[in-house]
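Chains as they are written, first to last, in the numbering used here: chain A, 230 to 551; chain B, 11 to 260.
This report refers to the structure that appears directly beneath it.
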Amino acid sequence: MILAVLEQTKGTLPESSLEALTAARELAKISNDQAEVVLIGSQVKSLVSHLKGCAKALLVEDAKLDTYAPEAYAKIVAETIQKRSPRAVVAAGTDLGNDWMSRVAVRLDLGLATGCTEFKFEGANLRVIRFNWGGSLLEEAELRSNPKLITVQPHAIPNKPGEGAEPATETLSVALNEKDFRVQVKQVLASEKKGITLQDAKVVIGGGRGMGAGENFKMLEDLAGLLNGAVGGSRVATNNGWRPHSDQIGQTGQIIAPDLYIACGISGAIQHMVGCKASKKILVINKDSEAPIFQRADYGVVGDALQVIPALIAEVKKAKGL
Amino acid sequence: MKVLVCVKRVPDTGGGFKLTSDGQRVDTTNMDFTISPHEECAVEEAIRIIEKHGGSSTVLTLGPEQAQEQLREALAKSVNGAILLEAPDYESWDPAATAQAIAEAAKPGGYDILLFGNECADACNYQVGLRVAHWLDIPCVTGIKALEIQGNKAIAKREVKDGWEVYEVSLPAAFTVKEGLNSPRHPSLRGIMGAKKIPIEKKKLNKREPQLVRKMLRKPQEGRGQIEILGQGVEAVPKVVAKLRELGVI
Ligand SMILES: Cc1cc2nc3c(=O)[nH]c(=O)nc-3n(C[C@H](O)[C@H](O)[C@H](O)COP(=O)(O)OP(=O)(O)OC[C@H]3O[C@@H](n4cnc5c(N)ncnc54)[C@H](O)[C@@H]3O)c2cc1C
Ligand SMILES: Nc1ncnc2c1ncn2[C@@H]1O[C@H](COP(=O)(O)O)[C@@H](O)[C@H]1O
Numbered sequence: 230m231i232l233a234v235l236e237q238t239k240g241t242l243p244e245s246s247l248e249a250l251t252a253a254r255e256l257a258k259i260s261n262d263q264a265e266v267v268l269i270g271s272q273v274k275s276l277v278s279h280l281k282g283c284a285k286a287l288l289v290e291d292a293k294l295d296t297y298a299p300e301a302y303a304k305i306v307a308e309t310i311q312k313r314s315p316r317a318v319v320a321a322g323t324d325l326g327n328d329w330m331s332r333v334a335v336r337l338d339l340g341l342a343t344g345c346t347e348f349k350f351e352g353a354n355l356r357v358i359r360f361n362w363g364g365s366l367l368e369e370a371e372l373r374s375n376p377k378l379i380t381v382q383p384h385a386i387p388n389k390p391g392e393g394a395e396p397a398t399e400t401l402s403v404a405l406n407e408k409d410f411r412v413q414v415k416q417v418l419a420s421e422k423k424g425i426t427l428q429d430a431k432v433v434i435g436g437g438r439g440m441g442a443g444e445n446f447k448m449l450e451d452l453a454g455l456l457n458g459a460v461g462g463s464r465v466a467t468n469n470g471w472r473p474h475s476d477q478i479g480q481t482g483q484i485i486a487p488d489l490y491i492a493c494g495i496s497g498a499i500q501h502m503v504g505c506k507a508s509k510k511i512l513v514i515n516k517d518s519e520a521p522i523f524q525r526a527d528y529g530v531v532g533d534a535l536q537v538i539p540a541l542i543a544e545v546k547k548a549k550g551l
Numbered sequence: 011m012k013v014l015v016c017v018k019r020v021p022d023t024g025g026g027f028k029l030t031s032d033g034q035r036v037d038t039t040n041m042d043f044t045i046s047p048h049e050e051c052a053v054e055e056a057i058r059i060i061e062k063h064g065g066s067s068t069v070l071t072l073g074p075e076q077a078q079e080q081l082r083e084a085l086a087k088s089v090n091g092a093i094l095l096e097a098p099d100y101e102s103w104d105p106a107a108t109a110q111a112i113a114e115a116a117k118p119g120g121y122d123i124l125l126f127g128n129e130c131a132d133a134c135n136y137q138v139g140l141r142v143a144h145w146l147d148i149p150c151v152t153g154i155k156a157l158e159i160q161g162n163k164a165i166a167k168r169e170v171k172d173g174w175e176v177y178e179v180s181l182p183a184a185f186t187v188k189e190g191l192n193s194p195r196h197p198s199l200r201g202i203m204g205a206k207k208i209p210i211e212k213k214k215l216n217k218r219e220p221q222l223v224r225k226m227l228r229k230p231q232e233g234r235g236q237i238e239i240l241g242q243g244v245e246a247v248p249k250v251v252a253k254l255r256e257l258g259v260i
């Protein structure tokens, strides 16, 4: 059996969970096995209709588990593994999925391969391809302990809805004590940010050292306003305090995948590019025609961003009849 | 207050990667070395906690002799002590092996707070901090971007899609941190000179059998073709607008 461990928020399964579920079903298929799913929260029964093609849904319904309680969640999964002896356990390689599975791994003293993009059984071992350097490199690795614990890199395996009947459901009960709740979300604060997020925007405009100063990001905001986009930046932009760190694009920031990324005054360091290379198209404005980013983009303007962008804003306004 | 902060030596690969011919590692000829930006923030936080609450901070790395360079950098920023867990072959230590050695080294220290990066820059395992915390039987919050110590409690915040999750745990506790937690300082010249005199404690610990074993590294395929240059300076603007139209952006 292959066990999928799925995170849900407010009664919905995020895309990354559906990708992990797809991966679990595929792993089950190639090893002539069946897939089962663990779901934890207060209203998880309603999610069973998304789990077609799986043999069983193991549900833990408890209002106390509605907000993430990592140690309780890990205990539930660890006990489920001991009871049901899966060959492999699959979760999404998100912040939450990696946290949860690491805790499961150490409880059972097992190896865990995070950020996997491919996997196949080779006898008793599992071969995986996984992200290194935030995706700038791929590592081929072997997981030797059993069962195999893996998390799936978001966007690596496209979600394919399952076919066939809905799974049978079974309610699990795991005894939880006070210590299992020593780490738990106490409060959720709404974001102070307004407007479209970097994740949701179809157009993202990034600024780097070449923007010269924090004030100059105002022109990127203006352009983003006209193109219905969002503004982000390189690590230099966030380190200089020109943008908040939450706007950083790259290995230690966000990974974005808009239709168009416009990079202004950014050199194209590999740690920046892993954050934006999933963009459908990349347009560069950089005054140095030798900058490495010209090797990693679709369209380029060689020029001073501080002159090109105001001219571009004027021209876009004209084009839009504003 | 006693704080331990763990950092990993990695090559500074901004310009791109070359792999060794056997595909086993990054070719580091002529490369500088550094630590992950997350870990730089962990070091900074350790210093700030001690500045505010008193006590001492210690930086630890499991790595080769040369990793003393990364320890000295932290000492120069005014971390108080340093531990090198000697492991010339540290790249082949899996997360469980690394964490077991760190936990063993940390146990006698009586640390109130342990700080880690959310993930290391190279192998990106996302798990060493959690494993160490489990073996020391202390709570751990991962991926935090804010930390406040109040007596024997810590309030930590984690950024999520539409806001912040707030956690409260009692000390001793471990935290894995993300860049954005603070703005790391640069070492002063005096700090650099002073750091040279601080002795580094060296230990050699057993390596447990790895469960996750590297076979090979490779570069991902890059899908983009030849770039189309739309022009020089402001003269390119009409072509850019035409392109934005073509792409359906305006
Ligand atoms: C482990 C690790 C993780 C990292 N994570 C990230 C990350 O998440 N995100 C990230 O961005 N970086 C990250 N970095 C840093 C990265 O290596 C680079 O240092 C950084 O991306 C460089 O930012 P930049 O392009 O803005 O600046 P620079 O590299 O200094 O480039 C500035 C560019 O602007 C151009 N320019 C200057 N003036 C103008 C002008 N007036 N008009 C037009 N162009 C101009 C220059 O020609 C140059 O190409 C990481 C590094 C490490 C080691
Ligand atoms: N060799 C090492 N020496 C010291 N600390 C390490 C080492 N490897 C990992 N760590 C710490 O554990 C964090 C997470 O690493 P990882 O789980 O490998 O992604 C890193 O950011 C470091 O703080």
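We put the beta carbon where it would ideally sit given N, CA and C, even for glycine.
- Phe185/B: member of the beta strand (DSSP E) spanning 183 to 187, first to last residue.
- In the displayed model, Tyr528/A falls within a strand according to three-state DSSP.
- The segment 330 to 378 of chain A is shown to contain whole beta strand (DSSP E) runs of 3 or more residues at 341 to 351, 354 to 361, 366 to 372, in chain order.
- Closer than 8 Å to the CB of Cys150/B there is at least one CB belonging to chain A.
- A residue is called buried once 16 or more other Cβ atoms fall within 10 Å of its Cβ, and Ala543/A, having fewer, is exposed.
- Taking 8 Å as the CB threshold, Asn388/A stays off the interface with chain B.
- In the DSSP assignment, Ala492/A falls within the unbroken beta strand (DSSP E) covering 489 to 493.
- Ser463/A places its beta carbon less than 8 Å from that of Ile495/A.
- Under the Cβ distance rule, His196/B does not count among the residues neighbouring chain A, no pair being separated by less than 8 Å.
- Contact annotation for Phe27/B against chain A: Trp362, Ser365, Leu366, Ile499 [CB-CB distance below 9 Å, chain order].
- With a threshold of 8 Å between beta carbons, Thr30/B makes no contact with chain A.
- Cα atoms of Met448/A and Gly436/A: separation of roughly 10 Å, rounded to the nearest angstrom.
- Counting of Cβ neighbours within 10 angstroms places Leu418/A among the exposed residues, the total staying below 16.
- Chain-ordered, the chain B residues with CB closer than 7 Å to the CB of Lys510/A read Leu257.
- The segment 263 to 281 of chain A and the segment 396 to 405 of chain A touch, with no fewer than 3 CB-CB distances between them shorter than 8 Å.
- Ranked by Cα distance from Thr309/A, the options Val460/A, Leu287/A, Asp295/A are led by Leu287/A.
- Leu337/A sits buried, since 16 or more C-beta atoms from the chains shown fall within 10 Å of its C-beta.
- Counting C-beta pairs closer than 8 Å gives three or more between the segment 253 to 268 of chain A and the segment 281 to 296 of chain A, which meets the contact rule.
- Identification of chain A residues near Ile260/B by a Cβ-Cβ cut-off of 9 Å yields Leu455, Leu456, Val545, Ala548, Lys549, ordered along the chain.
- Residue pairing by DSSP leaves Tyr302/A without any beta bridge partner.
- Not a single CB atom of chain B sits nearer than 8 Å to the CB of Tyr302/A.
- Listed as beta-bridge partners of Ala419/A by DSSP are Gly173/B.
- Contact between the segment 312 to 331 of chain A and the segment 249 to 258 of chain A is present: 3 or more CB-CB pairs across the two stretches fall below 8 Å.
- Ala534/A and Gly241/B have their alpha carbons spaced roughly 13 Å apart.
- A Cβ-Cβ contact shorter than 8 Å links Ile159/B with His63/B.
- Between Ser46/B and Arg35/B, the alpha-carbon positions lie close to 18 Å from each other.
- Taking C-alpha positions only, Ala353/A is separated from Ile386/A by approximately 24 Å.
- Within 8 Å of the CB of Thr241/A, no CB atom of chain B is found; the nearest one sits about 12 Å away.
- In this structure, Lys188/B and Asn128/B form a Cβ contact; the two beta carbons are roughly 5 Å apart against a cut-off of 8 Å.
- Nearest CB-CB separation between Asn216/B and chain A: not below the 8 Å threshold.
- In this structure, the C-beta of Ile514/A approaches ligand 1 to less than 7 Å from one of its heavy atoms.
- Residue Arg356/A holds the alpha-carbon nearest to the alpha-carbon of Arg373/A among Leu367/A, Trp362/A, Arg356/A.
- Taking 8 Å as the upper bound for CB-CB distance, Asp517/A and Val432/A are not in contact here, some 24 Å apart.
- Taking 7 Å as the cut-off, one finds at least one heavy atom of ligand 1 near enough to the beta carbon of His501/A.
- Of all C-beta pairs linking the segment 204 to 222 of chain B to the segment 81 to 91 of chain B, three or more are shorter than 8 Å, placing the two stretches in contact.
- Per the C-alpha coordinates, the member of Leu235/A, Ala284/A, Ala301/A positioned closest to Lys258/A is Ala284/A.
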